[in-house]
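In what follows, a structure is listed as structure tokens, so that the remarks can point back to it.
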Amino acid sequence: MSITKAWYRKTVVPWLWLFLPFHALFVAVSTWRRRRFLSHPPTPLSVPVIVVGNISVGGTGKTPVTLALIERLQALGHQPAIISRGYGGKGPFPLRVTATTPAQCCGDEPLLLAQRSGVPLVVAPDRNAAAAEVLRIAPKTTVIISDDGLQHYALARQFEIAVVDAARGVGNGWRLPIGPLREPVQRLASVDAIVVNGAPTPAELHGLSHVYAMQLQPQGWRRVSDDAPCAALPNGRTVAIAGIGHPERFFATVSQLESRDFDTQAFADHYAYSAQDADALGTYEVVLMTEKDAMKWRGLAAASKAYYLPVTAQLPAALIAQIADQLKPSDADE
5 MSITKAWYRK TVVPWLWLFL PFHALFVAVS TWRRRRFLSH PPTPLSVPVI VVGNISVGGT
65 GKTPVTLALI ERLQALGHQP AIISRGYGGK GPFPLRVTAT TPAQCCGDEP LLLAQRSGVP
125 LVVAPDRNAA AAEVLRIAPK TTVIISDDGL QHYALARQFE IAVVDAARGV GNGWRLPIGP
185 LREPVQRLAS VDAIVVNGAP TPAELHGLSH VYAMQLQPQG WRRVSDDAPC AALPNGRTVA
245 IAGIGHPERF FATVSQLESR DFDTQAFADH YAYSAQDADA LGTYEVVLMT EKDAMKWRGL
305 AAASKAYYLP VTAQLPAALI AQIADQLKPS DADE
């Protein structure tokens with residue numbers, strides 16, 4: 005059993021207790037770090053910041069939430085920009101990300117966000133450096149969305165959104181490395197909004213306020229090589245691959261959309277695909293993947309037989325109203 009699967013069981017798998025000393029160290033360091041920043045709050049930026057993050061490791065659906073939030077804010081008249089850590093990217097940082105930036109420089113998720121949103125986007129491990137750069141290159145920005153960064157307390161923020169996967173919830177409820185949590189479950193009580201990806205709402209969230217349900221909507225297959233829509237997938241031996249935090253969610257979606265038999269192969273989150281990986285799938289005539297995987301699959305010889313599935317998130321109107329109210333300037337600011 006992998007450690008990720010062990011984390012998301014409802015009870016602690018016995019061999020995870022071997023990590024108890026490391027768990028104690030992680031809790032001590034993370035608690036000290038948070039208290040240090042809270043006792044000396046960072047200086048707010050010149051524009052409000054919305055953080056879209058989670059308290060667990062692995063994918064929960066933050067990227068679709070960020071994209072949907074960008075669209076809704078633009079509809080309200082805002083000019084949003086995005087900052088991100090650029091996980092998996094080599095920089096140099098801070099780095100402005102455009103639709104043509106190589107994924108190995110900026111990371112797969114920022115490239116996806118840049119291509120889909122078209123708004124200014126800067127990545128850097130130091131989110132304040134990313135924010136300063138995005139305001140320099142896009143001075144008309146009215147709100148910054150931080151893709152991830154809920155635990156990056158050096159960044160001042162006006163609104164926090166925690167995204168929780170309905171199927172996995174908070175796992176066994178323990179923090180790293182015994183469980184999947186970066187912060188205790190109680191942290192969810194202090195965020196401004198909780199978005200639950202899927203249904204039903206995990207029991208751990210019952211009783212908390214501002215909990216919103218969200219469903220991801222598949223948008224139809226597209227060819228990786230040229231992004232062309234594909235009305236129907238070609239016939240042939242098929243494999244679905246996923247280098248994301250929760251590969252089983254993607255495999256389940258493929259099962260719902262396609263009646264064909266297919267094999268599956270899960271890779272590590274943010275996996276950097278190579279020509280050797282494509283060659284290893286040479287016996288397959290159709291390769292299915294997430295949009296995030298497609299960011300690193302382009303340019304490989306096998307891209308011509310690869311197809312990805314974009315998804316969109318529909319955010320509740322009540323959540324957008326809550327955010328819009330929070331972003332209204334106070335009397336002191338007017």
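Under this note's numbering, the first residue of the sequence shown is numbered 5, with each subsequent residue one higher.
Each residue gets a CB set at the ideal place from its N, CA and C atoms; glycine is no exception.
Given 8 Å, three or more beta-carbon pairs between the region 274-287 and the region 34-47: The region 274-287, when compared against the region 34-47, does not touch it at the 8 Å Cβ threshold.
Helix, strand or coil at R168 according to DSSP, with G and I counted as helix: Your numbering for residue 168 matches position 164 in the sequence shown. First, the amino acid is wrong: residue 168 is Val here, not Arg. Strand.
Where E238 falls, given that 16 or more other Cβ within 10 Å makes a residue buried: Translated into the one-based positions of the sequence shown, residue 238 becomes position 234. With the sequence shown as reference, residue 238 is identified as Pro, and Glu is not the correct amino acid for it. By the 10 Å Cβ count, P238 comes out exposed.
Residue closest to P46, alpha-carbon to alpha-carbon, out of G153, P333, R253, A158: Against the sequence shown, residue 46 aligns to sequence position 42. Minimum Cα distance to P46 is reached at A158.
T67 (DSSP reduced to helix, strand or coil): For the purposes of this step, residue 67 is taken as the residue at position 63 of the sequence shown. T67: helix per DSSP, three-state reduction.
Under 9 Å between C-beta atoms of L20 and W178: Against the sequence shown, residue 20 aligns to sequence position 16. Against the sequence shown, residue 178 aligns to sequence position 174. Contact flag set, yes.
Identified DSSP bridge partners for F163: Position 159 of the sequence shown holds residue 163. The partner list for F163 (beta bridge, DSSP) reads I54.
First and last residue of the uninterrupted beta strand (DSSP E) at V199: Counting from one through the sequence shown, the residue named residue 199 turns up at place 195. 197-201 is the span of the beta strand (DSSP E), which, as asked, contains V199.
Spatially closest choice to S121 from K144, I149, D130, by CA coordinates: As a working mapping, residue 121 is identified with position 117 in the sequence shown. Closest option to S121, Cα to Cα, is I149.
Validate contact between the region 240-254 and the region 290-302 using beta carbons, cut 8 Å, 3 pairs: Per the Cβ contact rule, the region 240-254 is in contact with the region 290-302 (3 or more Cβ pairs under 8 Å).
heavy atom of the ligand ZN below 8 Å from N239 C-beta: The ligand ZN is not part of this structure, which contains no ligands at all.
Reference Q119; option with closest CA among A298, A307, I327, A305: Within the sequence shown, the letter at position 115 stands for residue 119. Nearest of A298, A307, I327, A305 to Q119, Cα basis: A298.
Whole-angstrom distance between R161 and T105, CA atom to CA atom: Taking the first residue of the sequence shown as 1, we reach residue 105 at position 101. Taking the first residue of the sequence shown as 1, we reach residue 161 at position 157. Straight-line Cα distance between these residues: approximately 27 Å.
Neighbour-count burial assignment, G65, 16 or more Cβ in a 10 Å radius: What you label residue 65 is simply residue 61 of the sequence shown in a count that begins at 1. That one is buried.
Own chain partners of G90 with C-beta closer than 6 Å, once the 5 adjacent residues on each side are dropped: For this step, residue 90 is matched to residue 86 along the sequence shown. Closer than 6 Å at the Cβ level, and outside the excluded window around G90, lie C110, G111, P114, V127.
T146 and V56 closer than 9 Å at C-beta: By one-based count along the sequence shown, residue 146 stands at place 142. By one-based count along the sequence shown, residue 56 stands at place 52. The Cβ atoms of T146 and V56 lie no closer than 9 Å to each other.
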